[in-house]
Amino acid sequence: MLKLLRPAVTRILTPLGRALAGHGIGPDAVTAIGTLGTVVSALLFFPMGLLAAGALVITVFVLFDLLDGVVARLGGKGGTTWGAFLDSTLDRVADAAIFAGLILYFVSRGDTLMAGVTLACLVSGALVSYAKARAEGLGLTCDVGLAERPERLVVALVAAFLSGLGVPYVLPAGMWLLAAASTVTVVQRVVHVYRQTRKR
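When the letters of the sequence shown are read in order and numbered with the working numbering, they come out as residues 9 to 208.
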């Protein structure tokens with residue numbers, strides 16, 4: 009669903025991408041900076057309870073996931089196999105850091121139940137991504153599911169931001185929703201791949 013917003017966001021980021029490309033900064037560097045910023049921000053702000061500030065800073069770095077593609081296009085390099093691999097791999101690192109930061113937040117407050125639910129979000133989210141990567145490695149398609157990466161990030165970051173502003177119950181509700189939606193997505197992808205193999 010959120011893929012529909014990608015062209016609009018890309019247009020907004022184009023001036024910045026043009027400036028970076030003009031200074032010789034490549035897409036791989038943009039990808040690495042975005043991931044490093046996300047990891048440091050998530051593991052610094054969230055465990056300290058600075059949820060709103062952390063969510064805002066992380067959102068800025070998450071946008072680098074779109075900016076690297078803009079830089080590649082404007083720099084005349086286009087997409088490369090290495091760039092695609094690096095981007096996908098570091099996406100998993102960034103996602104893990106965000107949920108790890110939230111887990112540490114709940115642990116620091118003695119909320120082991122929500123720490124467990126957030127861990128379920130982390131694991132099921134990783135399985136969503138792995139199912140797609142494994143299916144495509146086998147020559148199949150697997151671009152289906154209720155909660156893909158953009159949806160997972162939006163729910164997690166919006167819930168953290170609103171919770172940081174004092175909205176009650178929104179972060180636990182977001183984590184429960186994500187855990188359920190990600191699990192459903194894993195099942196959807198498994199079923200989708202199974203049906204393709206049966207047709208063969």
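The beta carbon of each residue, even a glycine, is placed where N, CA and C say it ideally should be. Please read all numbers here as calculations on a predicted model, not as lab measurements.
DSSP state of residue i mapped onto helix, strand, coil
i	result
residue 29	helix
residue 146	coil
residue 122	helix
residue 183	helix
residue 58	coil
residue 51	helix
residue 88	coil
residue 174	coil
residue 155	coil
residue 117	coil
residue 96	helix
residue 71	coil
residue 34	coil
residue 10	Here the model assigns residue 10 a pLDDT of 48, short of 50, so the residue's position is not dependable, and the following value carries that caveat. Looking at residue 10 - three-state DSSP - the assignment turns out to be helix.
Heavy atom of the ligand PLP within 7 Å of residue i beta-carbon
i	result
residue 98	Annotation note on the ligand PLP: not contained in the displayed structure, which lists no ligands.
Whole-number beta carbon distance between residue j and residue i, since they are thought to touch under 8 Å
i	j	result
residue 43	residue 165	Their Cβ separation, rounded to whole angstroms, is 16 Å, which puts residue 43 and residue 165 out of contact at 8 Å.
residue 187	residue 128	4 Å
residue 4	residue 49	Because the chain in this structure spans residues 9 to 208, residue 4 falls outside the shown range and cannot be described.
residue 38	residue 79	5 Å
* Does the region 154 to 166 come close enough to the region 182 to 193 to have 3 or more Cβ pairs within less than 8 Å? -> yes
* If we count Cβ pairs, one from each stretch, closer than 8 Å, do we get three or more for the region 58 to 71 versus the region 102 to 115? -> The region 58 to 71 vs the region 102 to 115: in contact.
* Asked: Counting pairs of beta carbons, one from the region 127 to 134 and one from the region 96 to 107, are three or more of them closer than 8 Å?
  -> Touching, per the Cβ criterion.
* **Validate contact between the region 171 to 182 and the region 137 to 150 using beta carbons, cut 8 Å, 3 pairs** => no
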